[in-house]
Amino acid sequence: MARVRRRSRYSRRTVLNRDRSRSWIYIFAITVFVVLCLTISVGVGLLLAKQAEKHENSPKYDFDPKPYYSGDKVVKPVNARPYLFGDYAGLLTGVGITDFSVCLRYSNGALTYDTEYDVNFGEQVQEGVSELSKYTTYIHENGGYVCAYFYVTSFGVEDEYLREIYKAYELALISEAARGGADEIMLVGIDVTEDNIDEIERFVSDASCSADASPLGVLVSPKTFKLTEDGIYHAARLRSVCDFVALDLRDLPDDADEVAIEGEASLLDSALGDMEYYISSYSMRIVFSEKNSSLCDAAIALGVENIQIIGE
């Protein structure tokens, strides 16, 4: 006779308890999953917000200049501010200004130091009262770096034989400046054209040799960077015979950092954007005048990290 299995009156209750336990486990798991998803979402959102804020506050241009070797010479990025021989150098280095933009020769031919070359071509007046080495030694003792600039006037002489005499004089002065302690020398006032590029290239090459261990650069206009002859950029020809080239933005108005109508880029932004490829490719320095030097802060905010201010 088959044995009948008796069902406990508590069996249904046991099943219900198990179902309830499983339900709570499911609910707990779902709750944990939802909380975890929310936590991850909030974390990702905060991270993206920080990245967006960082991107929004980052400079528009990434020029990121670095020191480099040009032969045996080291060319470094600078933030060179105007300095006159005889001024208190320690006051500037004390507030963090260590790159001094120093004029050796003005556009009228006047020298700012007492030269060993007693030559007078008429318009040149020696304004300096001390030897160059005394000035540069003082700057170096105060932790400064001499970013010297030198106006070239010889190419304004029409007679080709007389022009050679002027050029020889300028090469001698460049050699004297290097011996006198100029850490680097930038040539200013050279107007490159299709007709004179060969002569200027030879002069810059000779000047680079005259500068000996001091890096020699050339200030070049935006127009020159776009002059081509048989597919060769004139600026590239100059760069091949010197140590650095600098972009001349002295003609920009002092309000060139103001945003144009309807939110368009400012004149400064447009100028940098138009030359972005050249600035990056040539590791170029950006040069302002004392008249529009107020643009420096705006240029730095846009990503410029290699700047010099020069006078006339």
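Heads up, the sequence shown is in the numbering used here, so the first residue is 273 and it goes up one at a time.
Ideal Cβ positions, reconstructed from N, Cα and C, are used throughout, including at glycine.
Keep in mind that this is a model prediction, so the values were computed, not measured.
Just to confirm my understanding: we take residue 573, look at its own chain, exclude 5 residues before and 5 after, and list those with CB closer than 7 Å. What are they?
331
Tell me which residues share the same chain as residue 461 and place their Cβ nearer than 7 Å to its Cβ, disregarding the 5 neighbours each side in the sequence.
379, 423, 424, 425
Taking only runs that begin and end inside the segment 322-410, name each unbroken alpha helix (DSSP H) of 4 or more residues, in chain order.
361-366
How far does the alpha helix (DSSP H) with residue 568 in it extend, from its first residue to its last?
568-574
Reference residue 548, options 518, 413, 523, closest by Cα:
518
For residue 512, is the beta carbon positioned less than 7 Å from some heavy atom of the ligand FAD?
As presented, the structure is devoid of all ligands, the ligand FAD included, so that no description of it is given.
Using the Cα positions of residue 569 and residue 354, report the straight-line distance between them to the nearest angstrom.
15 Å
Residue 500 classed as buried or exposed, judged by whether at least 16 other C-beta atoms fall within 10 angstroms
exposed
Span separating the alpha-carbon of residue 508 from that of residue 341
17 Å
Expressed to the nearest angstrom, what Euclidean distance is found between the alpha-carbon atoms of residue 345 and residue 473?
Rounded to the nearest angstrom, the two C-alpha atoms are 19 Å apart.
Residue from 363, 580, 541 whose Cα sits closest to the Cα of residue 333:
541
Could you give the first and the last residue of the continuous alpha helix (DSSP H) run that contains residue 476?
469-482
Within 10 angstroms of its Cβ, does residue 452 collect 16 or more other Cβ (buried), or is it exposed?
By the Cβ neighbour-count rule, residue 452 is buried, with 16 or more other Cβ atoms within 10 Å of its own.
At 3 residues or longer, what runs of the beta strand (DSSP E) sit wholly inside the segment 515-563?
The segment 515-563 contains, as complete beta strand (DSSP E) runs of 3+ residues, the segments 516-520, 557-561 (chain order).
Hey, how far is the Cα of residue 357 from the Cα of residue 376?
10 Å
N- and C-terminal bounds of the beta strand (DSSP E) containing residue 422:
417-423
Can you tell me which of 503, 576, 418, 415 puts its alpha carbon nearest to the alpha carbon of residue 559?
576
Pick out whichever of 481, 359, 440, 497 has its Cα sitting closest to the Cα of residue 416.
359
The alpha helix (DSSP H) spanning residue 499 covers which residue range?
From DSSP, residue 499 is part of no alpha helix (DSSP H); its letter is neither H nor E.
Beta-carbon proximity list for residue 347, same chain, < 6 Å, skipping 5 on both sides
For residue 347, where only same-chain residues beyond five positions count, the Cβ hits under 6 Å are 340, 487, 515, 516.
Buried or exposed, going by whether 16 or more other CB atoms sit within 10 Å of the CB of residue 476?
buried
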